[in-house]
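Notes to accompany the following structure.
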Amino acid sequence: MKVLLTLKHLINFFFFLFLVLAVLWMIPPLYGALGHDFIAVIKEILTNGAGTIERAEGAYYWYLLIWFSFHIIMFFMIIYYLRRFVLESIVQGAFDRGTRKYLRLAGILFVIYGVVRIPSNLIAPLFFYWSGGENYLSFITMDLMGFDSPLFMTLIGLFFIYIAKTLELSEMLQEENRLTI
Amino acid sequence: MSIVVNIDVMLAVRKMRSNELAEKVGITKANLSILKTGKAKAIRFATLEKICAALECQPGDILEYREGDA
Chain A
1 MKVLLTLKHL INFFFFLFLV LAVLWMIPPL YGALGHDFIA VIKEILTNGA GTIERAEGAY
61 YWYLLIWFSF HIIMFFMIIY YLRRFVLESI VQGAFDRGTR KYLRLAGILF VIYGVVRIPS
121 NLIAPLFFYW SGGENYLSFI TMDLMGFDSP LFMTLIGLFF IYIAKTLELS EMLQEENRLT
181 I
Chain B
1001 MSIVVNIDVM LAVRKMRSNE LAEKVGITKA NLSILKTGKA KAIRFATLEK ICAALECQPG
1061 DILEYREGDA
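Read top to bottom, the protein sequences are chains A and B. Start counting the first sequence at 1; every next residue gets the next number (this note's numbering). Start counting the second sequence at 1001; every next residue gets the next number (this note's numbering).
Shown next as C-alpha cells:
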C-alpha cells in the first residue's frame, strides 16, 4: 500500500505526540502528590514553590525534559495554526491597511518586551540565589518557558511582524494583478 | 516607465474608437484606459495577441522602448 506523507499526516502525528506528552506531563506531579499526604504536598508547594516535589522524587530531569518538549511543541503548534488562520483571512480579504500597521506595532512592542525581559530573567535568579533562595534553577526554567514568558512573547512578536510583511506583500501582488491587463 | 504604449497612435491610424477596440479585445474600457495611460504593470500575451489581431499590427507597433523615461 502506497503511503503518502502529507502535511496533514505530519500535523496528526504532532497532535498525537502532543496528547502523549500532555499525559506524561501530568505524571510526575501526580506521582509526587500521591506518594505524600496531599495537604502536606500543597503546603510544601505553597511554602517552597513548585519543583520541590519532583526533585524529591528523583524525577526532576525527566519532568523538565517533558515539560520543555511540551511547551516547545505547543509554541510551534499555536503559531502554525495562527499562521494558517491568518493566511486564510488574508485570502478572504479580512485585513485592511490599518490592521497591518497595528500588527506591526504590536509585533515590535512584543519583541522589545521579550528582548528586554530575557536578559533580566537570566540575571534575576542570580540575585535570588545570592539572597538565599533555593529554587533558582526552577525559577529560570519556569520563567522562560511559560506562555506569558519573554520567549513566547518574542516568538509572537516576530510572528506578528511576519504577518504584517505578508499582508504588505499580498497587497502589492493584488495591486500588480489588478494592473495586469 | 521606459516602455511606452502606442495604442492611441494605432487607433488613429486604423480610425478605430477605443470602445470598439475594447469590445473586440474583450476587455473593459477602464482596463483599456489603464493600458493607454501607461499605468499598467504588465500585459498578458493573450491580450497583446487580441489587440494585434484587432488593429492588424505587430506588437512592436504598439509597444516602444524609450531610454531614460522613468
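From the three backbone atoms N, C-alpha and C, an ideal C-beta is built for every residue, glycine too.
{"Check": "B:Glu1056 - DSSP class collapsed to helix/strand/coil", "Outcome": "coil"}
{"Check": "Neighbouring residues, chain B, relative to A:Leu179 (Cβ below 8 angstroms)", "Outcome": "Ile1034, Lys1039, Ala1040, Lys1041 and Ala1042"}
{"Check": "Rounded C-alpha distance that separates A:Glu78 from A:His71", "Outcome": "Residue 78 of chain A is actually Ile in this sequence, not Glu. Those two C-alpha atoms are separated by around 10 angstroms."}
{"Check": "A:Glu171 at chain B interface by Cβ criterion, 8 angstroms", "Outcome": "no"}
{"Check": "Exposed unless 16 or more other CB atoms sit within 10 angstroms - verdict on A:Met153", "Outcome": "buried"}
{"Check": "As assigned by DSSP and simplified to three states, the class of B:Leu1063", "Outcome": "strand"}
{"Check": "Under the three-state DSSP convention, the category A:Ile181 falls into", "Outcome": "coil"}
{"Check": "Helix, strand or coil at B:Ile1034 according to DSSP, with G and I counted as helix", "Outcome": "helix"}
{"Check": "8 angstroms Cβ cutoff, B:Ile1027 in contact with chain A", "Outcome": "yes"}
{"Check": "Burial state of B:Gly1068, where buried means 16 or more other Cβ atoms lie within 10 Å", "Outcome": "exposed"}
{"Check": "Short Cβ contact (8 angstroms threshold) for A:Ala164 with A:Arg83", "Outcome": "no"}
{"Check": "Reduced DSSP category for A:Ala164 - H, G, I as helix; E, B as strand; rest coil", "Outcome": "helix"}
{"Check": "B:Asn1031: contacting residues in chain A (beta-carbon distance under 8 angstroms)", "Outcome": "Ile181"}
{"Check": "Inter-residue spacing [alpha-carbon to alpha-carbon] between B:Ala1046 and B:Ile1027", "Outcome": "11 angstroms"}
{"Check": "Proximity test, Cβ basis, 8 angstroms: A:Glu88 and chain B", "Outcome": "no"}
{"Check": "Start and end residues, alpha helix (DSSP H) containing B:Ile1007", "Outcome": "Ile1007 to Arg1014"}
{"Check": "Cβ-Cβ separation, A:Pro150 to A:Arg117 (assumed contact under 8 angstroms), whole Å", "Outcome": "4 angstroms"}
{"Check": "Nearest-angstrom beta carbon gap, B:Ile1003 and B:Lys1036 [assumed within contact, 8 angstroms]", "Outcome": "That belief does not hold up - the Cβ atoms of B:Lys1036 and B:Ile1003 are roughly 13 angstroms apart, past 8 angstroms."}
{"Check": "8 angstroms Cβ cutoff, A:Glu168 in contact with chain C", "Outcome": "Judged by its chain identifiers, the structure shown contains no chain C, and its protein chains are A and B."}
{"Check": "Buried versus exposed call for A:Met172 [16 or more other C-beta atoms within 10 Å across all chains shown]", "Outcome": "exposed"}
{"Check": "Any non-hydrogen atom of the ligand MG within 7 angstroms of A:Ser120 CB", "Outcome": "Of the ligands one can find in the structure shown there are none, so the ligand MG has no counterpart to examine."}
{"Check": "Simplified DSSP state of A:Ile108, which is helix, strand or coil", "Outcome": "helix"}
{"Check": "Where B:Ala1046 sits in the DSSP three-state scheme", "Outcome": "helix"}
{"Check": "Chain-order list of residues whose beta-carbon lies under 7 angstroms from that of B:Met1010 (same chain, five-residue window excluded)", "Outcome": "Leu1055, Cys1057, Asp1061 and Ile1062"}
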